[in-house]
């Protein structure tokens, strides 16, 4: 593609460095970097409908986040400057967490792969829940132990295992352990073992 | 730290600005090294030799903080005369059973006051079956229990008695000289002594030194002993319980601390109560006494209240004193039910269903091939995640589909992939790495059918109970009697249709505990009763909902409160920000120095006060001495800062709780190119192994040809831009773009030796797999001189798999399964390997290629040499210290 004549004839004046020098705005953080467009736009943080107080979901430092919401969508996530942990800062991952939660790659429907299947199928959420409940009860029934091989009382199933929890909430882990314990499933593990 | 916890690292930089000296010990030069005053490259897997060297420096030069050590640690305690050290027995401690590869710790105990007779009840209780403890990860009394020693062992506060802990320690580490450190770790004596000087000069009354480790430290066959070595050093230098001191674990997941406190782990229940064991905990009393441990000091004495409050929280009205609060409803553990054992059981067809909750073991767990083959041999898998991760697609695009080991048309596993709500789409608490809970508000509704785990498990439980309603089967009582009634909120349509979101705040209130009759939230665990009048799901979290206020939701600006920031979130226990902070004051209760004042005794008010909540009974004076015969809380004296330990003292020496010995000893990693320079015993003799053809370990260095087949050492860690197994980063555009490709980092010397071209391809081979990546040649890795020869170390990130926006081979495929005996965590930070230029073979040729290596190394059938390699004489002598019946002939070996 050839350059247009208009482009080759453009003056050097809009060159930011020249503007900076001319305006005395040496660091380029003031008037010299503003344009009409700059003045017309508003940050998403200012136009948000509400802000939720949150915590970064990646590592265990526990950086506080502010989640800016507009029209029921997350429009921005920033570090919370009031936090004694992160003082408003986020690392590359924390800074990408808006991208994480708004990603078009996220799953929003249940996918199901039947035995020997070669493709995913879609499943209604409640149907999927019913199917899982059936399978849990069947696995529990088929692998139930009242006594172990030494005749000791164990009242458990060795047929159901679980892995995960380190990215979940305390309240969630509490219910998970409570339910599995009540159903007799004991092979319940998470990242802390890894 | 700067790489994997960059925002936490800002505080290191702040400290540096105020004059702190920063030392970074790491095999590789990283962004942390770039900002440190000194970077010490070390051979992976030699940390105990390094720390042991510093301990030796402290003891030989008597640079310990003596007043702290005498009063606050067990340095003065006298050890049994039957104890024999690893230094005397070729790397074994006394009491080793060669057949089971475990210790009878009877000879490790403290001497008795009358210096004869049997062990006191608190000690004898635990000198039992350590093979069982290894299997159930209960040696450490379920992770957080204090040592259950008697409250008054004999002491020599002059530290001169030849069998006092101080002298035992001094002899144990005497061989860890700067020369040995240089030989074993590849660290020059000059660099090493600089670290020793910095550590000791910066510790004492006026100054403190902090030790920060990342949890790769736990991923070793001696992982627990690494951390013990750090603890010994910090206790000797008086750096525990004081501001600017301590040992800080940089944990790697937003609520991994929470998922340990309120565990989704097989061996523990909330608040580190043990999961009942079929043998040891047949009755409620046995279970409680195992924790309470009559005869010991400290707050575990109230275990009855903690345990009964949990049972009451689980089974509500059904739990009464008459039925032992439904203790019989608890399923029992009988052995190793850890995640690796379970995965091997999947391969063997013993497991039917598997839930994966925000976890991607196909990439994140050691020995990825075993993980995926296990999943392909189940009836069903439920994956709950934000994205379509590798653990959900093993049946269609895993590496084993390429090799032909998994054929989709023949794989019977049913897979459910449920979309999960993200952290902004649900409310609840995370517990960060300093034990602080922070409540998150819900910002928006989750998209489509995405739901929280709270929703999923609540409704799963509801449906199970509905299906079982009316069942007469006794096995269903625990589900039917379960207290499973939580208020619903959220989308009104979902609430009215019966599919609402349970209130996380109601769950938090149950965790906190409340009075059954009135519903009044408890102010803390001291209010918990053992008569069923209160309930509480996790005693250490009690207080998080004190006064009916969600304390974890507190967000008072850091500008408006003290530097301790006690009003931001809530830390367990009882909002104490530095544990054991009684140790920040001297025995009389005065600050050690003006500079390091933190918590002290106020003589006028007759109470402990200071910047933090005192981690001590508020009105118990420093002068308090326990009455004769007391135990429990009453036995904690005014000078016992370690209120969860059976003797109130910091454990330099650990007579109980550790499967692999009372003191950290250098053992080589399971896979190492080097012989153990210190002992005949090569690697941890008590490690948990699964010897089978699908889990071969690379041979130990005495095997012929081992050094030629797998000559290099490799390790893995994180990149700033990715997160663990990649499930939350490889699917995120910005992060995928920042780090788009798997790579293998090597030194220029290794690149020259193997013909590796910068930015070209290479592949790394172990007995488990071969993976490929781009070559990154940098001087961040340097060859080290170890035991007189050069060793090359290779570094890899472990974030990739076949899914996501940027795909690549997974470094965890290279590791085998070999575990620390105390906690059953795998050794996945060090192994041996070969590195070759070019890409790896594909398809079935990959397995042939890997098997060719395993065959040449002599480990194709999973039989790689003996575990116990100490001399026969040492084995005999060690076995002689076993307690009577437990003895087995030393030549009977499990591994031969």
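Residue numbers (our numbering), protein chains in the order written: chain A, 17 to 210; chain B, 5 to 900. The beta-carbon is built from N, C-alpha and C at its ideal position, and this holds for glycine as well.
Short Cβ contact (9 angstroms threshold) for residue i with residue j
i, j, result
"residue 558 (chain B)", "residue 576 (chain B)", "no"
"residue 301 (chain B)", "residue 635 (chain B)", "yes"
"residue 902 (chain B)", "residue 844 (chain B)", "Residue 902 (chain B) is absent from the structure shown; chain B starts at 5 and stops at 900."
"residue 487 (chain B)", "residue 321 (chain B)", "yes"
"residue 654 (chain B)", "residue 626 (chain B)", "no"
"residue 135 (chain A)", "residue 129 (chain A)", "yes"
"residue 143 (chain B)", "residue 662 (chain B)", "yes"
"residue 333 (chain B)", "residue 482 (chain B)", "yes"
"residue 729 (chain B)", "residue 494 (chain B)", "no"
"residue 828 (chain B)", "residue 734 (chain B)", "no"
"residue 837 (chain B)", "residue 818 (chain B)", "yes"
"residue 813 (chain B)", "residue 746 (chain B)", "yes"
"residue 820 (chain B)", "residue 370 (chain B)", "yes"
"residue 193 (chain A)", "residue 337 (chain B)", "no"
"residue 714 (chain B)", "residue 549 (chain B)", "no"
"residue 153 (chain A)", "residue 468 (chain B)", "yes"
"residue 76 (chain B)", "residue 644 (chain B)", "yes"
"residue 522 (chain B)", "residue 531 (chain B)", "no"
Nearest-angstrom Cα separation, counted from residue j out to residue i
i, j, result
"residue 187 (chain A)", "residue 288 (chain B)", "26 angstroms"
"residue 226 (chain B)", "residue 272 (chain B)", "21 angstroms"
"residue 203 (chain B)", "residue 450 (chain B)", "50 angstroms"
"residue 460 (chain B)", "residue 569 (chain B)", "35 angstroms"
"residue 130 (chain B)", "residue 658 (chain B)", "Low confidence applies to residue 130 (chain B): its pLDDT is 46, below 50, so where it sits in the model is not reliable enough to give any reading."
"residue 646 (chain B)", "residue 640 (chain B)", "9 angstroms"
"residue 443 (chain B)", "residue 91 (chain A)", "21 angstroms"
"residue 140 (chain B)", "residue 670 (chain B)", "25 angstroms"
"residue 464 (chain B)", "residue 136 (chain B)", "34 angstroms"
"residue 125 (chain B)", "residue 617 (chain B)", "Since pLDDT at residue 125 (chain B) reaches only 48, below the 50 mark, its modelled position is unreliable, and the value read off the structure follows with that caveat. When rounded, the distance between both Cα atoms is 33 angstroms."
"residue 315 (chain B)", "residue 484 (chain B)", "15 angstroms"
"residue 120 (chain B)", "residue 112 (chain B)", "Its pLDDT being 43, under 50, residue 120 (chain B) is placed unreliably by the model, and nothing is read from it."
"residue 59 (chain B)", "residue 100 (chain B)", "26 angstroms"
"residue 897 (chain B)", "residue 703 (chain B)", "Here the model assigns residue 897 (chain B) a pLDDT of 34, short of 50, so the residue's position is not dependable, and the following value carries that caveat. Roughly 18 angstroms between the two C-alpha positions."
"residue 39 (chain B)", "residue 305 (chain B)", "46 angstroms"
"residue 121 (chain A)", "residue 390 (chain B)", "9 angstroms"
"residue 87 (chain B)", "residue 156 (chain B)", "19 angstroms"
"residue 854 (chain B)", "residue 846 (chain B)", "11 angstroms"
"residue 596 (chain B)", "residue 22 (chain B)", "21 angstroms"
"residue 899 (chain B)", "residue 387 (chain B)", "Low confidence applies to residue 899 (chain B): its pLDDT is 34, below 50, so where it sits in the model is not reliable enough to give any reading."
"residue 426 (chain B)", "residue 52 (chain A)", "38 angstroms"
Residues that DSSP places opposite residue i in a beta bridge
i, result
"residue 128 (chain A)", "A:137 and B:420"
"residue 107 (chain B)", "B:100"
"residue 901 (chain B)", "Since the first and last residues shown for chain B are 5 and 900, residue 901 (chain B) lies out of range."
"residue 677 (chain B)", "The partner list for residue 677 (chain B) (beta bridge, DSSP) is empty, contrary to what the question assumes."
"residue 207 (chain B)", "Paired residues: none, contrary to the question."
"residue 837 (chain B)", "B:716"
"residue 61 (chain B)", "Bridge partners of residue 61 (chain B): none, in fact."
Whole-number beta carbon distance between residue j and residue i, since they are thought to touch under 8 angstroms
i, j, result
"residue 718 (chain B)", "residue 798 (chain B)", "4 angstroms"
"residue 771 (chain B)", "residue 700 (chain B)", "4 angstroms"
"residue 183 (chain B)", "residue 722 (chain B)", "At roughly 34 angstroms, the Cβ-Cβ gap does not stay under 8 angstroms, so residue 183 (chain B) and residue 722 (chain B) are not in contact."
"residue 839 (chain B)", "residue 800 (chain B)", "Contact doesn't hold; Cβ gap of about 10 angstroms is too wide."
"residue 720 (chain B)", "residue 802 (chain B)", "4 angstroms"
Residue i: CB within 8 angstroms of a non-hydrogen atom of the ligand FAD
i, result
"residue 258 (chain B)", "Judged by which ligands are present, the structure shown has none, so any question about the ligand FAD falls away."
If we require 4 or more residues per run, which alpha helix (DSSP H) segments fall completely within the region 552 to 595 of chain B? none
May I have a chain-ordered list of the alpha helix (DSSP H) segments no shorter than 4 residues that lie completely inside the region 57 to 96 of chain A? 60 to 63
What runs of the alpha helix (DSSP H), each 4 residues or longer, lie entirely inside the region 638 to 713 of chain B? 710 to 713
Where in the region 168 to 250 of chain B do unbroken runs of the beta strand (DSSP E), each at least 3 residues long, occur, reported from the N-terminal end onward? 215 to 218
Just to confirm the assignment: which complete alpha helix (DSSP H) runs, minimum length 4, are found wholly within the region 446 to 475 of chain B? 457 to 472
Scan the region 64 to 90 of chain A for residues whose Cβ lies nearer than 9 angstroms to a Cβ of chain C and list them as they occur along the chain. Among the protein chains in the structure shown, which are A and B, there is no chain C.
Identify every run of the beta strand (DSSP E) within the region 338 to 367 of chain B, keeping only runs that are complete inside it and at least 3 residues long; order them along the chain. 357 to 361
In the region 35 to 99 of chain B, which residue ranges form an unbroken beta strand (DSSP E) of at least 3 residues, counting only runs that do not cross its ends? 42 to 44
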